[in-house]
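Q:
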Amino acid sequence: MTTQTPLSIKKVKSMKNVMPRQQAPFSWHAYLMILPSLSVFLIFYIIPIFYLIFLSFHDWDLVNPVKQWIGLGNYFELLQDADFLQVLQNTFVYTLLTVSLLIILSLLTSLWLNQNDIFTRFVQGAIFSPYIISLVSVALLWLWMMDPQYGLLNAILTWFGLPPYPWLDSPDTALYALVLVSVWQGLGYNTLVFIAGLNSIPTDLYEAAALDDTPSWKTFFRITLPMLSPTLFFLVIIDLIASFKVFETIAIMTGGGPLNSTNMLVYYIYQYGFRFYKIGYASAAAVILLIILSILTWLYFALLEKRVHYR
Amino acid sequence: MASISMERGESMAEIRLENLKKCFGQECAVKDISLIVPDGSFTIFLGPSGCGKTTTLRMIAGLEHPDQGDIYIGGKRVNDLQPGKRGVAMVFQNYALYPMMTVQENIEFGLKNRGMRKEERKQRIKEVAHIVDLSAHLHKKPHALSGGQRQRVALARAIVKQPDVFLMDEPLSNLDAKLRTHMRTELTRIHRDLSATFIYVTHDQNEAMAMGDQIVVMKAGTIQQSGPPWDIYHKPANVYVATFIGSPPMNMFQRDKLLAYVMNTPEYSEGMRFLHHETEWLGIRPERIMLSPYHTQHEMFQALDGIKIPGRMVAREMLGDETIYHFDTPLGPLQAKIYLLPPLDDDRIELMLPYEAFHQFDRGEQLILAARPHQKETPVFKREYERVENT
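Sequences listed follow chains A and B, in order. Count along the first sequence from 1, add 7, and you get the number used in the working numbering. Count along the second sequence from 1, add 285, and you get the number used in the working numbering.
#1: Helix, strand or coil for residue 637 of chain B? Go by DSSP, reduced to three states.
#2: Is the distance from the Cβ of residue 472 of chain B to the Cβ of residue 373 of chain B below 8 Å?
#3: Select from B:570, B:561 and B:544 the residue whose C-alpha is nearest the C-alpha of residue 532 of chain B.
#4: What separation, rounded to the nearest whole angstrom, lies between the Cα atoms of residue 651 of chain B and residue 503 of chain B?
#5: Chain C partners of residue 485 of chain B, CB-CB under 8 Å?
#6: For residue 212 of chain A and chain B, any beta-carbon pair shorter than 8 Å?
#7: Given a limit of 8 Å on CB to CB distance, which residues of the segment 646-661 of chain B reach chain A?
#8: Does any residue of chain A have a CB that is nearer than 8 Å to the CB of residue 456 of chain B?
#9: Taking 8 Å as the CB-CB limit, is residue 218 of chain A close to chain B?
#10: Closest Cβ-Cβ distance between residue 430 of chain B and chain A: below 8 Å?
#11: As an exercise, report each continuous alpha helix (DSSP H) stretch of at least 4 residues that is fully enclosed by the segment 348-408 of chain B, in chain order.
#12: Using CA coordinates, which residue listed in B:321, B:335 and B:492 is at the minimum distance from residue 345 of chain B?
#13: Using a beta-carbon distance below 8 Å, is residue 459 of chain B in contact with chain A?
#14: Along the chain, where does the beta strand (DSSP E) that runs through residue 611 of chain B open and close?
#15: Do you know offhand how far residue 48 of chain A's Cα is from residue 191 of chain A's?
#16: Residue 230 of chain A versus chain B: which residues are under 7 Å apart at the beta carbon?
#17: With a cut-off of 8 Å, does the C-beta of residue 450 of chain B fall near any C-beta of chain A?
#18: Quick check on the DSSP output: the beta strand (DSSP E) that includes residue 511 of chain B runs from which residue to which?
#19: Does chain A have any CB closer than 8 Å to the CB of residue 374 of chain B?
#20: Note down the Cα distance separating residue 315 of chain B from residue 340 of chain B, rounded to an integer number of angstroms.
#21: Which residue marks the beginning of the beta strand (DSSP E) containing residue 622 of chain B, and which one marks its end?
#22: For a quick check, are the C-beta atoms of residue 677 of chain B and residue 567 of chain B less than 8 Å apart?
#23: State the Cα-Cα distance for the pair residue 558 of chain B and residue 564 of chain B, rounded to the nearest angstrom.
#24: Buried or exposed: which applies to residue 606 of chain B, given that a residue is buried once 16 or more other Cβ atoms fall within 10 Å of its Cβ?
#25: Using the beta-carbon count (16 or more within 10 Å), is residue 116 of chain A buried or exposed?
#26: For chain A, is any of its Cβ atoms less than 8 Å away from the one on residue 362 of chain B?
#27: Does residue 221 of chain A come within less than 8 Å of chain B when only Cβ atoms are used?
#28: Helix, strand or coil, according to DSSP, for residue 298 of chain A in the structure here?
#29: So does the segment 419-433 of chain B actually touch the segment 369-384 of chain B, counting three or more Cβ pairs closer than 8 Å?
#30: Within 8 Å of any Cβ in chain B, is that where the Cβ of residue 178 of chain A sits?
#31: With DSSP collapsed to three states, give me the class of residue 129 of chain A.
#32: Bridge partners for residue 192 of chain A per DSSP, in chain order?
#33: CB residue 326 of chain B to CB residue 489 of chain B, shorter than 8 Å?
#34: Applying a beta-carbon distance threshold of less than 7 Å, which residues of chain A neighbour residue 346 of chain B?
#35: Report the three-state DSSP secondary structure of residue 656 of chain B (helix, strand or coil).
#36: Hey, could you find the ends of the alpha helix (DSSP H) residue 251 of chain A is sitting in?
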């Protein structure tokens with residue numbers, strides 16, 4: 008025994024020294040294996056991103072064989088364009104409203120639906136169903152319901168004796184109508200994720216809290232909410248990214264109007280790129296979107312790393 | 286761990302359970318339990334998993350509501366009282382520490398809810414951290430602690446509230462064997478110092494025997510026996526308790542088996558007077574069986590006040606301090622436990638079952654006659670004991 012112990016320690020030490028330096032021999036086979044997915048990734052993701060950045064420094068109309076280098080010209084033009092600033096503001100307002108409403112409402116519904124009886128399971132299914140419907144159908148459905156003359160929503164309002172609401176027809180209300188649609192559509196998914204998060208909280212924590220004579224509001228804020236924070240954080244980021252990319256509802260329901268009041272980044276890019284054929288200009292806007300989304304994604308991973316996982 | 290200066294109020298905390306019943310759907314975890322847990326006792330609920338011991342504990346805590354029956358703590362009916370208002374503290378099997386709070390915040394949480402002043406809280410936390418030896422870890426989060434430390438935080442969280450009643454749901458089952466034995470002594474000491482009522486749930490009979498001053502043996506939602514450890518071991522109320530307590534369990538065989546064997550050996554007709562006329566089952570503990578090569582010199586063996594039967598050794602487990610032998614005998618399989626003697630190699634051995642070591646049970650498996658406890662240590666045992674002490 009006495010002679011074996013130092014030997015084995017030596018062995019471990021020597022292995023520690025060797026292990027990190029030891030590299031697998033270069034193998035063509037391995038690269039061959041990942042070549043298909045690597046090429047797809049390169050062609051459809053990496054190269055377009057760099058091409059996008061390249062285009063954003065040029066003036067180009069998609070047809071002309073000459074791409075004229077104008078440096079940061081597109082960016083200067085963008086930042087001086089009142090429409091673009093309006094679009095940015097719309098996007099931020101829309102995102103802020105959508106995400107905060109989604110999170111608060113779905114948290115409340117998940118607290119309500121966090122049971123396992125037939126009724127709540129039915130409601131869970133019901134509020135989740137919009138999520139699996141194509142966004143185009145959702146947009147068309149709401150477009151019809153929000154019709155000022157023949158729409159269902161105004162019919163309901165007048166039935167209750169309330170004045171009709173302009174919905175998509177007024178620059179003051181159209182953005183909120185879009186928020187309503189996206190909240191309605193995303194509520195089910197958010198609720199379901201919240202319910203999963205709630206279910207993963209060990210019940211004995213609540214029992215310990217009950218024995219500690221904790222009032223229910225305190226149980227919620229001191230135990231449920233902190234235990235739910237990874238879920239909450241995940242949903243906030245996912246919803247943020249999704250609402251920055253909103254396109255379908257605008258394209259179908261408002262076309263960015265009235266008076267540019269519902270125009271948002273992705274739709275703006277689409278308009279300039281494929282309606283006005285100002286590819287360079289659209290690319291510059293896309294780069295700005297890319298930067299915003301990159302910051303959000305970076306934030307997600309950076310904070311996720313720091314977050315304590317209470318396991 | 287330091288000694289405890291915390292004092293408990295004057296209030297008595299006798300717990301009385303009357304005809305408790307609790308069912309989950311078709312399954313009844315607790316069928317009909319009536320029990321008095323004396324004030325200041327260390328009461329153990331002992332039984333296999335699914336016997337209803339945890340459910341009973343949770344009903345006392347207020348985490349489950351009984352379908353029937355009443356719970357009294359200190360003479361007051363608490364059925365409809367919130368868990369936090371019952372004057373009880375609970376230590377959970379998985380500790381249930383609040384993972385987002387530091388050790389100090391964990392311990393403090395219940396006190397804050399009571400609206401205790403900050404200075405008093407600080408004082409109490411300081412004391413309790415000293416008791417459970419956690420002073421150096423107060424600002425850590427639970428995930429940074431070892432299993433034993435977490436266990437002590439859970440304990441501290443209970444102690445700091447100075448409850449009349451401590452409820453513990455297998456609190457040591459997640460610890461390793463060494464730490465478990467250590468915490469056993471700690472808990473006994475804490476119980477002695479706090480003089481509160483402890484109710485402790487476990488399936489480990491060693492834990493029960495080591496710590497309890499009252500053991501409640503449960504099976505399938507009913508109480509089989511309750512009493513001090515000595516009674517549970519020496520006067521098991523029925524066959525179930527007799528075979529549950531003890532390791533290995535008590536050897537059991539039917540009266541007919543014994544009579545059939547005795548018929549072929551006429552010298553025992555006299556000895557059969559020890560049998561009660563209602564006896565159906567006979568039990569003898571493995572540690573009371575004597576084996577001929579060891580005990581032939583022993584006075585009882587020679588005095589023949591027992592049944593001698595031949596046995597064929599089937600298996601042998603050498604555990605260090607004790608050796609467990611498995612025999613095939615005319616009475617069926619028997620196990621014998623011998624302390625501090627070198628293991629035997631012969632596969633044919635004569636066993637001696639002293640009359641006074643038999644427990645006798647009736648047709649309904651209830652105890653009629655208990656074995657007489659050892660009056661004096663066997664000379665062999667004593668000699669071996671001393672030898673071990675001296676080396």
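Backbone N, C-alpha and C define an ideal beta-carbon position, used for all residues, glycine too. Treat the numbers as computed from the prediction; the structure is a model and nothing was measured.
A: Straight from the coordinates:
#1: strand
#2: no
#3: B:570
#4: 15 Å
#5: In the structure shown, chain C cannot be found, because the protein chains are A and B.
#6: yes
#7: none
#8: no
#9: yes
#10: no
#11: 388-398
#12: B:321
#13: no
#14: 607-614
#15: 34 Å
#16: 383
#17: no
#18: 507-512
#19: yes
#20: 7 Å
#21: 617-624
#22: In the structure as shown, chain B starts at 286 and stops at 676, and residue 677 of chain B therefore has no counterpart that could be examined.
#23: 12 Å
#24: exposed
#25: buried
#26: no
#27: yes
#28: helix
#29: yes
#30: no
#31: helix
#32: Note: residue 192 of chain A sits in no beta bridge, so no partner.
#33: no
#34: 218
#35: coil
#36: 232-251
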